[in-house]
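Read the structure below first, then the notes.
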Amino acid sequence: MNKEQVAAILTEIGTLLELKGENPFKTRAYLNAARAIESLDEPLEKVVAEGRLDQIKGIGESLRDKITELVTTGRLGYYEELKASIPPGLIELLEIPGLGPKRILTLREKLGIESVDALEKACREGKVATLPGFGEKTQANLLEGIERRRKFASQHLLIEVWSAAEPLLEFLRQHPDVIRCSPAGSLRRNKEVIGDLDLLASSKNPKQVLEDFTRQPAVTKVLAKGDTKASVLLEGGLQADLRVVADREFPFAQIYFTGSKQHNIVMRQRAIERGLRLNEYGLFRSKEETRDPKLLIPCKDEAEVFQQLGLHYIPPELREDLGEFEAAEKGPIPRLLEWTDLKGSLHNHTTWSDGHMTLEETVQLARSLGLAYWAVTDHSRSSFQANGLDPQRLRQQIRAIREINQRLEDEGADFHLLAGTEVDILRDRLDFDDDLLAELDFVIASLHVPANNEAENTKRLIRAAQNRFVHALGHPTGRLLLERDPYPVNLDAVIEACAETGTWIELNCNPHRFDMDWRHWPAALRKGVRCVLGPDAHRREHVAYLKLGVGIARKGWLQPRDVINTLPWPQLLKALQRKRQKL
DNA sequence: GCCGTTTTCGGCCCGACTGTTTTCAGTCG
Numbered sequence: 001m002n003k004e005q006v007a008a009i010l011t012e013i014g015t016l017l018e019l020k021g022e023n024p025f026k027t028r029a030y031l032n033a034a035r036a037i038e039s040l041d042e043p044l045e046k047v048v049a050e051g052r053l054d055q056i057k058g059i060g061e062s063l064r065d066k067i068t069e070l071v072t073t074g075r076l077g078y079y080e081e082l083k084a085s086i087p088p089g090l091i092e093l094l095e096i097p098g099l100g101p102k103r104i105l106t107l108r109e110k111l112g113i114e115s116v117d118a119l120e121k122a123c124r125e126g127k128v129a130t131l132p133g134f135g136e137k138t139q140a141n142l143l144e145g146i147e148r149r150r151k152f153a154s155q156h157l158l159i160e161v162w163s164a165a166e167p168l169l170e171f172l173r174q175h176p177d178v179i180r181c182s183p184a185g186s187l188r189r190n191k192e193v194i195g196d197l198d199l200l201a202s203s204k205n206p207k208q209v210l211e212d213f214t215r216q217p218a219v220t221k222v223l224a225k226g227d228t229k230a231s232v233l234l235e236g237g238l239q240a241d242l243r244v245v246a247d248r249e250f251p252f253a254q255i256y257f258t259g260s261k262q263h264n265i266v267m268r269q270r271a272i273e274r275g276l277r278l279n280e281y282g283l284f285r286s287k288e289e290t291r292d293p294k295l296l297i298p299c300k301d302e303a304e305v306f307q308q309l310g311l312h313y314i315p316p317e318l319r320e321d322l323g324e325f326e327a328a329e330k331g332p333i334p335r336l337l338e339w340t341d342l343k344g345s346l347h348n349h350t351t352w353s354d355g356h357m358t359l360e361e362t363v364q365l366a367r368s369l370g371l372a373y374w375a376v377t378d379h380s381r382s383s384f385q386a387n388g389l390d391p392q393r394l395r396q397q398i399r400a401i402r403e404i405n406q407r408l409e410d411e412g413a414d415f416h417l418l419a420g421t422e423v424d425i426l427r428d429r430l431d432f433d434d435d436l437l438a439e440l441d442f443v444i445a446s447l448h449v450p451a452n453n454e455a456e457n458t459k460r461l462i463r464a465a466q467n468r469f470v471h472a473l474g475h476p477t478g479r480l481l482l483e484r485d486p487y488p489v490n491l492d493a494v495i496e497a498c499a500e501t502g503t504w505i506e507l508n509c510n511p512h513r514f515d516m517d518w519r520h521w522p523a524a525l526r527k528g529v530r531c532v533l534g535p536d537a538h539r540r541e542h543v544a545y546l547k548l549g550v551g552i553a554r555k556g557w558l559q560p561r562d563v564i565n566t567l568p569w570p571q572l573l574k575a576l577q578r579k580r581q582k583l
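Sequence positions in the first sequence follow the UniProt record's numbering and run 1 to 583.
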């Protein structure tokens, strides 16, 4: 059983315990352990075999034994008994906003409700409103929650949430009563998938700001509105929360509402260790709960708050409690990749396969962005659904690209178009022979038709990495966010093979993919693997994906030196030759 | 269930909002 599977079971145990009304800290212990297992950068079997499980922070005696049982036998008696004791429909009930373990228990005991359907029926019959702790309003809200859940996804892609956030941020920037404003939550942390949109503002007149916020054109319903906070629903079902604080409180609120939750727990803990108290209103010289301005340690921005807690500044993207504290204690966090570091783009399509730009339009676009190079990597013939090129068409395309480059050179332009391919990784070989691949400047190899078998997929990817003409592996897990899980593959082994052969791995910047996942990059970097940031651009507007991808790359701790397409043209040429000479 | 230069027991981050209540429980983030 691999890390992801073990983590999923531990998380599920946490949820089941929550439903049982167990001690919430016990629930949290399971969720913490799941996270700890997930972020392990060595094989779980190895840690178990060497008896090092309980050296991991958050895993004690009991969890050590349970994880060992899972890894060695593939089963866990405790989990199976727990699961059998709870009707499966209850987990779904927990997803209805407004329902937690206590109310679910009441619904179950008084009305025998154990599923969303049963709840809906009871609400419609008016039975729920009669229960203690419930009322007409709660009943109506539950019904609405059920309907909304049916109609809209509860999770949204980063790109959708940014599009919704931008007009709201613009409204805040323009508002006469707003002093400072900022995105917050998982949006500011650039998570690939987001639950709801969090915004923060400072003002002397919060009531007015909140009032005007709830009247924005995109708002379809006001869920809550108080003196400091409002929640609304936007078109498309996305929930947006705005919190308004005094300007003095802004940096503290920014830290608090940016999260993550786990990151904040450590921050508060650090404050307590120093005899201080941290909340969204400030950092106070007090052990007691307080908002007393006389005890406030004033900070003008987030960096000063971190400094007070003995830390260098931690960029929002890294605030996941996945190693940022250890790093920020030791010294400054390295400068992470920025959009302006990119010198070119290496994974792109044209009208020759399934793209919507011609070669000429591609050149125009890339030059208008000030890029120094751009690789054309159309699909290979087996991707017939994408109008993949056969060897003859690819050779034609290479000639066309060489002609364009000749013309650019004659014009004295400082721009280069690379001839490349996104070659399919087939069952037993690549879609093009080595002699054809050797004619290309850049080769990225992708698995588009995976097997339903981890060993098989791993083998295919490793074989592709071992080919001396393959520069990079494209979107190495094939996941489509909110649509399709990654295909089964042993990524640790693939990363190992890429490290050995000097093969780069793509961080595909298509917002549906963001593949390879940011969580795997720190381990890959430690092994010496480098990254290609690929927009996988099929249309003109897809170049914007590069910018989004930079946000994800930052979550993976990628620095400019780790990313191939930050290299200036002459160095890129050398880097492209290296593997062919080495193997 | 985890954890410990204040602790091996008693903590574990903590405040806002809603709705059902007449002072607060439950949920949420």
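By construction, the Cβ of each residue, glycine as well, lies at the ideal position given by its N, Cα and C atoms.
Spatially closest choice to residue i from the options, by CA coordinates
i	options	result
P97	R148, F306, E249	R148
M267	N467, V305, E170	V305
L17	L40, E81, L169	E81
V376	S231, K151, G551, T362	T362
H512	N457, Q155, L242	Q155
W569	H416, V529, N510	H416
N279	A303, K294, F250, K300	F250
K547	Q559, L573, I401, L533	L533
P43	L10, P334, A7, K3	K3
A451	R468, N490, L90	N490
N510	V550, E317, N387, A34	V550
L572	A240, A140, G344	G344
E541	M357, R180, L481	M357
G60	S85, E69, A33, G77	A33
V238	D198, D227, R530	Rather than Val, the amino acid found at residue 238 in this sequence is Leu. The residue with the shortest Cα to Cα distance from L238 is D198.
Residue i in three-state terms, based on DSSP
i	result
N405	helix
residue 595	In the structure as shown, the chain begins at 1 and stops at 583. Residue 595 is therefore absent and cannot be evaluated.
V244	strand
F25	helix
H520	helix
R468	coil
L461	helix
N279	strand
G494	The amino acid occupying residue 494 in the given sequence is Val; Gly does not appear at that position. Correct three-state label for V494: helix.
R124	helix
H263	helix
V532	strand
A372	coil
residue 599	It is not possible to answer for residue 599, since the shown part of the chain is limited to 1 through 583.
V489	coil
Residues sharing a beta bridge with residue i, DSSP
i	result
R427	R427 pairs with nothing; no bridge assigned.
F284	R277, L296
N348	A537
V454	The displayed chain sequence assigns Glu, not Val, to residue 454. E454 pairs with nothing; no bridge assigned.
N508	D515, G534
T377	G420
Cβ shell of residue i (< 8 Å), same chain only, five flanking positions each side left out
i	result
T106	L131, P132, G133, F134
Q208	D177
residue 586	Here the chain comprises residues numbered 1 to 583, so residue 586 is not present and cannot be evaluated.
K83	E12, L16
R124	L143
P560	R335, L337, E338, D341, T566
Buried or exposed by the 16-neighbour rule on C-beta atoms within 10 Å, applied to residue i
i	result
T258	buried
K579	buried
V443	buried
E166	exposed
Q385	exposed
L99	buried
E50	exposed
residue 584	Lying outside 1 to 583, the shown extent of the chain, residue 584 is not represented and no answer is given.
Contacting residues, own chain, Cβ-Cβ under 7 Å from residue i (five flanking each side not counted)
i	result
E235	A218, T220
K287	G275, R277
K582	G502
H175	V209, D212
E114	P87, G89, L90, R108
E192	L158, L481, F514, I552
Contacts around residue i, its chain only, beta-carbon distance under 6 Å, and the 5 residues preceding and following it disregarded
i	result
G355	H349, H538
D515	H475, T477, R479, N508
D41	A523
Any non-hydrogen atom of the ligand ZN within 6 Å of residue i CB
i	result
R28	For the structure depicted, the ligand ZN is absent and the ligand set is empty, with no information on it obtainable.
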